[in-house]
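Here's the structure, in structure tokens; my notes come after.
Chains as they are written, first to last, in this note's numbering: chain S, 1486 to 1594; chain P, 2 to 120.
Set out below in structure tokens:
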């Protein structure tokens, strides 16, 4: 199964809001409300930011929010901060497996 | 404190085998666990999951028939037996606690172990 499609890069200035898209198909993102988002800083292990499309784990800033429409899920980061500069990956359940997105590098200008 | 400690990575020739291990502590190990890999400089790739007693196991198409996930709950240890290894299996392999609802990693990840497949 092919990876979910994410933009290669997204950038924004401090304080701005940015949105990262994650496009799948009617067999994964479009069928199940099981989309997660992960943040990975260089040389570090990924950290769960959103699960179940829009749920935040304890300890994750409320500046991070998730949503879904049709076959596309989105992660929005509001009030962008320097520490948000990292790679972001979406993941989706497929029924008998899971798949990740291609990854998006977020740059804080 | 939750810890997932992987071992077993290393350099192996094309067609060879490796067995990865992951020792868990700090949480109830009889929960769903899995493996995720990341090739050098590349993105995440979901590999495999097993439920609490490994009675249910699932694999990515890219490893199906070559990799086997298993666990020994008495030792709090998860395994990944990797056979018929190919160059594109070269990656850091992360042990992860997953949700059995969606097979996706939760917030527990190991530091990873590097497996390098070379001819």
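Don't be surprised by glycine CBs; every beta carbon is placed ideally from N, CA and C.
inquiry  = Is it the case that the segment 4-24 of chain P contacts the segment 93-102 of chain P, given that we only count it when at least three CB pairs across the two stretches are under 8 Å?
reply    = yes
ask   = Should residue 1503 (chain S) be flagged as near chain P, meaning a C-beta pair shorter than 8 Å?
value = In the first chain, counting from the first residue as 1, residue 1503 (chain S) sits at position 18. It does not; no Cβ of chain P falls within 8 Å.
query = On the premise that residue 1519 (chain S) lies in contact with residue 1578 (chain S), defined as a C-beta separation below 8 Å, what is that separation, rounded to the nearest angstrom?
reply = By 1-based counting over the first chain, the position of residue 1578 (chain S) is 93. By 1-based counting over the first chain, the position of residue 1519 (chain S) is 34. Contact flag correct, Cβ pair sits at about 4 Å.
request  = Apply the 10 Å Cβ neighbour rule to residue 21 (chain P) and answer buried if 16 or more other Cβ atoms are within range, or exposed otherwise.
outcome  = Residue 21 (chain P) sits at position 20 when you count from the first residue of the second chain. Counting Cβ neighbours within 10 Å, residue 21 (chain P) comes out buried, since at least 16 surround it.
request  = Pull out every residue of the segment 1568-1586 of chain S whose Cβ sits closer than 7 Å to any Cβ of chain P, in chain order.
outcome  = 1574, 1576, 1578, 1581, 1582, 1583, 1584 and 1585
Cutoff 8 Å: residue 57 (chain P) Cβ touching any chain S Cβ = On the second chain, position 56 is the one that residue 57 (chain P) refers to. No, no contact with chain S.
task = Taking C-beta pairs closer than 9 Å, name the residues in chain P that residue 1521 (chain S) reaches, listed in chain order.
result = Indexing the first chain from 1 puts residue 1521 (chain S) at position 36. Those are 100, 103, 105, 106 and 107, listed as they occur along chain P.
query = Can you find a C-beta in chain S that's less than 8 Å from the C-beta of residue 2 (chain P)?
reply = Reading the second chain from its first residue, position 1 is the one you call residue 2 (chain P). With 8 Å as the cut-off, residue 2 (chain P) does not count as an interface residue toward chain S.
request  = May I have a chain-ordered list of the beta strand (DSSP E) segments no shorter than 3 residues that lie completely inside the segment 1504-1590 of chain S?
outcome  = 1520-1525, 1532-1535, 1549-1554, 1557-1562, 1571-1578 and 1583-1585
ask   = How big is the Cα-Cα spacing for residue 35 (chain P) and residue 1582 (chain S)?
value = Residue 35 (chain P) sits at position 34 when you count from the first residue of the second chain. Residue 1582 (chain S) sits at position 97 when you count from the first residue of the first chain. About 11 Å.
ask   = Quick one: Cα of residue 1540 (chain S) to Cα of residue 1562 (chain S), how far?
value = Position 55 of the first chain, counted from the first residue, corresponds to residue 1540 (chain S). Position 77 of the first chain, counted from the first residue, corresponds to residue 1562 (chain S). Taking the straight line from one Cα to the other gives about 14 Å.
message = Among P:26, P:25, P:60 and P:119, whose alpha-carbon lies nearest the alpha-carbon of residue 91 (chain P)?
response = Mapped onto the second chain, residue 91 (chain P) falls at position 90. Ranking P:26, P:25, P:60 and P:119 by Cα distance to residue 91 (chain P) puts P:119 first.
key: Listed by chain order, chain P residues near residue 1489 (chain S) by CB distance under 8 Å   = Here residue 1489 (chain S) refers to the residue found at position 4 of the first chain. Simply none; closest approach about 10 Å.
ask   = In whole angstroms, what is the alpha-carbon distance linking residue 28 (chain P) and residue 100 (chain P)?
value = Along the second chain, read from residue 1 onward, the residue named residue 28 (chain P) stands at position 27. Along the second chain, read from residue 1 onward, the residue named residue 100 (chain P) stands at position 99. Going from the Cα of residue 28 (chain P) to the Cα of residue 100 (chain P) covers about 14 Å.
key: residue 11 (chain P) - containing beta strand (DSSP E), residue span   = Counting from one through the second chain, the residue named residue 11 (chain P) turns up at place 10. Element bounds for residue 11 (chain P): 11-14.
Beta-carbon proximity check, residue 1572 (chain S) vs residue 1588 (chain S), cutoff 8 Å = In the first chain, the residue the question calls residue 1572 (chain S) occupies position 87. In the first chain, the residue the question calls residue 1588 (chain S) occupies position 103. Yes, the pair counts as a contact, with Cβ atoms nearer than the cut-off.
query = In this structure, does DSSP put residue 88 (chain P) in helix, strand or coil?
reply = Indexing the second chain from 1 puts residue 88 (chain P) at position 87. Residue 88 (chain P): helix per DSSP, three-state reduction.
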